[in-house]
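In our numbering, the protein residues as written are 1088 to 1251.
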């Protein structure tokens, strides 16, 4: 959940000078939102508790009922799929092209680095390739979270003080 907010906060910080900065932030959480809907459905209909799942590390595992959610995750985090989605958005909603593209691809770029040992893993070219990108650290790592939110605090201080 912290990762979800971090995507939105970074997108807004980076694009705060745009007239529709909130759209950049909204689209920055879209990949997680798209797979969260099936996840919530599985959790509620199958009676699976997120606390009983191991999301990363050597013992990472998910129940078989969660397979569709993992597929939804890979589709919503695929650079290939989101590139095609960007093209569709550009054709149908030209005014949303920059917020969609920048928000979504900021999210995907961040996830490449901060999803180490994740049970789903990052597959940028899914479904054409199932090759995983390992990442460097996990977003829930305490040291990373402290650094991430300290940098966000500095960024927002710069925005509020009109330095940035």
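Ideal Cβ positions, reconstructed from N, Cα and C, are used throughout, including at glycine.
#1: Residue range of the alpha helix (DSSP H) that residue 1125 falls in?
#2: Three or more beta-carbon pairs under 8 Å between the stretch 1114 to 1130 and the stretch 1152 to 1165, yes or no?
#3: Quick check: the stretch 1096 to 1107 against the stretch 1166 to 1179, are at least 3 beta-carbon pairs closer than 8 Å?
#4: Going by the CB atoms, is the gap between residue 1191 and residue 1210 shorter than 7 Å?
#5: Exposed or buried, which one is residue 1216 when buried takes at least 16 other CB atoms within 10 Å?
#6: Buried or exposed: which applies to residue 1150, given that a residue is buried once 16 or more other Cβ atoms fall within 10 Å of its Cβ?
#7: Quick test of your reading: residue 1093 and residue 1228, contact by CB under 8 Å. State the CB separation rounded to the nearest angstrom.
#8: Name, in chain order, the residues that DSSP records as bridge partners for residue 1209.
#9: If I measure Cβ to Cβ from residue 1135 and keep anything under 8 Å in the same chain, skipping five residues before and after, which residues do I get?
#10: Going along the chain, which residues of its own chain have a beta-carbon closer than 7 Å to the beta-carbon of residue 1221, five neighbours each way excluded?
Reading off the structure:
#1: 1117 to 1133
#2: yes
#3: no
#4: no
#5: exposed
#6: exposed
#7: Actually they do not touch by this definition, with Cβ atoms about 13 Å apart.
#8: 1220
#9: 1129, 1150, 1152, 1153
#10: Annotation for residue 1221: 1203 place their beta carbon closer than 7 Å to its own, counting only its chain and skipping 5 residues before and after.
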